[in-house]
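What follows is one structure encoded as structure tokens, with my remarks underneath.
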Amino acid sequence: MDYRIEHDSMGEVKVPADKYWAAQTERSHENFLIGVGIETMPREITHAFGILKKAAALANHQLKPEKMTDEKLSAISQACDEVISGALNEHFPLVVWQTGSGTQSNMNANEVIANRGNEIAGSKLLHPNDDINMSQSSNDTFPTAMHIAAVIALEDKVVPAIDTLVETFKRLEAENEGIVKSGRTHLQDATPIKFSQEISGWRASLEKDKKMILASCEDLKELALGGTAVGTGLNAPKGFAEKSAEEISKLTGKNFITSPNKFHSLTSKDEIVFTHGALKALAADMMKIANDVRWLASGPRDGLGEILIPENEPGSSIMPGKVNPTQCEQVTMVAVQVMGNDVAVGMAASQGNFELNVFMPVCAYNFLQSARLLAESIISFNKNCAVGIKAKKEKMHHNLHNSLMLVTALNPYIGYENAAKTAKKAFKDNISLKEACVELGFLTAEKFDEVFHPEEMV
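Right under this line is the structure:
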């Protein structure tokens with residue numbers, strides 16, 4: 445491999461000649477051989493660094509034009525655009541398991557943008573620290589990148605995925621409006637419910653999750669940038685925090701603002717914890733929905749068998765013809781992963797000491813994994829399962845009329861205790877509720893038929 449020599453404040457370092465990173469990135473690349481090529485710093489963070497570095501250069505150009513010249517701004521902006529597009533991803537090799545402040549990833553961005561900018565300019569125009577990191581510190585850029593990445597992931601990926609599944613459930617509600625089936629509580633037969641009502645519960649859960657996620661995004665839109673090392677804003681010009689937030693808003697199309705208290709922004713990750721709680725709520729609801737679907741589809745002959753779901757692939761290497769609810773299974777596994785991530789995010793956020801939290805990379809990694817997994821899982825579940833749900837009307841009708849809990853309709857006429865006796869006799873003697881009620885002398889056959897209408901119990 446061909447190398448070039450780069451240097452930093454600790455001395456010279458050999459760097460691969462075909463890479464834009466420099467000395468500090470290379471030191472991290474060599475010193476943290478933990479999850480290399482597997483647990484790389486999330487690309488959402490790389491993308492966010494491209495946005496914030498361009499925004500910082502634009503703000504510095506307005507506030508310090510003598511230092512951030514037109515020529516420098518042009519080169520930085522072009523290099524940042526390439527970072528934002530993902531064209532330079534191969535030049536961001538660092539892993540999550542590095543310094544807890546994310547300093548090395550900040551310097552990775554600084555070095556790549558500086559070297560690519562110099563290549564664009566055709567001269568040694570830019571310095572990683574003096575120009576790309578102007579008015580900044582790793583301590584305020586990394587939490588800013590976290591918030592930018594989180595908001596984009598939630599608003600542009602998770603929420604649209606939720607909307608897609610909600611629309612499917614709305615269609616299924618309309619298609620199944622007239623179907624009445626047995627309800628179930630405690631995994632036991634309960635009073636009737638319309639299938640459309642059952643589906644509406646799934647839909648409303650997702651709509652509530654979306655509402656909570658969007659509400660939590662508002663706090664994530666407060667940015668630490670401008671606080672520099674410890675929150676005081678040392679070496680940042682007056683107005684930099686506000687102007688950089690304005691530029692980030694323009695670049696993303698989202699309403700970011702500067703945090704009113706940078707001492708809080710650098711050391712506390714409470715916004716991330718709060719928002720991940722909303723993701724955990726979504727995971728919990730998706731777990732419930734997926735379990736409902738696979739229970740309702742269980743069978744095909746010896747389970748509940750009240751719905752049909754798409755058959756996507758063979759389900760067994762030994763049992764011919766077996767098909768499994770695999771999309772439900774991926775959803776439940778993703779839900780478990782998100783719930784585990786919530787523990788990691790909470791623990792990481794609890795480790796702020798004095799003016800900084802040094803668990804930020806693991807916090808960002810778990811948060812963004814949760815957002816990505818949920819978005820992709822929901823899209824997959826919708827496409828490969830939910831859109832193809834079909835009610836088995838005959839099975840639903842059979843189960844409904846075979847349910848002993850229909851006896852609840854008789855409470856106003858024979859009382860709770862007599863209704864209980866009716867249900868128990870019907871179960872013990874394996875006869876219908878009508879036969880049990882008449883044999884016990886609680887109602888005549890004619891009166892039973894007059895008051896007993898399962899489809900009207902919803």
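Quick note on numbering: our numbering labels position 228 of the sequence shown as 672, and the sequence is numbered without any gaps. Where is the CB? At the ideal position from N, CA and C, for every residue including glycine.
Spatial neighbours of M783 in its own chain (CB-CB distance under 8 Å, excluding positions within 5 residues in sequence) are listed in chain order as K724, A727, A728.
With a contact defined as Cβ atoms closer than 8 Å, I643 and E611 miss out at about 12 Å. In chain order, F892 place their CB closer than 6 Å to the CB of K878, counting only its own chain and leaving out the 5 sequence neighbours on each side. Excluding the 5 residues flanking it on each side, T490 has same chain C-beta neighbours closer than 7 Å at V527, N533, F536, in chain order. By the criterion of a C-beta distance shorter than 8 Å, K614 is surrounded in its chain by R647, once the five residues flanking it on both sides are discounted. Within the DSSP bridge table, the entry for S626 names P636 as partners. Setting aside the 5 residues that flank it on each side, T719 is surrounded in the same chain by A594, L598, I657, S660, C661, D663, L664, F811, each with a C-beta closer than 8 Å to its C-beta; the list follows chain order. For K665, the secondary structure class from DSSP, reduced to helix, strand or coil, is coil.
When the Cα atoms are used, L507 and Q641 turn out to be separated by approximately 59 Å. For the beta strand (DSSP E) assignment, the segment 561-617 encloses no uninterrupted run of at least 3 residues.
Annotated three-state conformation of K836 is coil, per DSSP. DSSP places G721 in the helix class (H, G or I) of the three-state scheme. Around the beta carbon of Y809, a 10 Å sphere encloses 16 or more other beta carbons of the protein chains shown; the residue is thus reported as buried. Beta-bridge partners assigned by DSSP to G455: D452.
A500 and G675 have their alpha carbons spaced roughly 17 Å apart.
Annotated as distal: P805 and Q580, with beta-carbon spacing of 8 Å or more. Rounded to the nearest angstrom, the Cβ distance from P769 to G832 is 12 Å, too far for a contact under 8 Å. Note that the segment 771-789 touches the segment 812-827; at least 3 beta-carbon pairs, one per stretch, sit closer than 8 Å. Here A605 has A819, I822, I823 as same chain residues with Cβ atoms under 6 Å from its own Cβ, once five neighbours each way along the sequence are excluded. The C-beta of I520 has 16 or more other C-beta atoms within 10 Å across all chains shown, which makes the residue buried.
With contacts defined as CB atoms closer than 8 Å, M849 and E750 fail to qualify as a contacting pair. If you look at Q522, you'll find it in the alpha helix (DSSP H) that goes 514-529. DSSP lists G796 as the beta-bridge partner residues of N801. The three-state secondary structure of L817, taken from DSSP, is helix. If you draw a straight line from the Cα of T588 to the Cα of A492, it comes to about 8 Å.
Beta-bridge pairing by DSSP links T702 to L667. For G494, the enclosing alpha helix (DSSP H) starts and ends at 487-507. In this structure, I495 sits away from T635, with a CB-CB distance that is not shorter than 8 Å.
In the three-state reduction of the DSSP assignment, L532 falls in the coil class, being assigned neither a helical nor a strand state.
Distance from the Cα of I478 is smallest, within the candidate group R471, V540, K497, for V540. A straight line joining the alpha-carbon of E470 with that of V459 spans about 6 Å.
In this model, R738 and R745 are separated by some 14 Å (Cα to Cα). Around the Cβ of E666, a 10 Å sphere holds 16 or more other Cβ atoms; the residue is buried. Residue state for P898 is assigned as helix, using DSSP reduced to three classes. V539 carries a strand assignment under DSSP once its states are collapsed to helix, strand and coil. Y860 sits in a helix when the DSSP states are folded into three classes.
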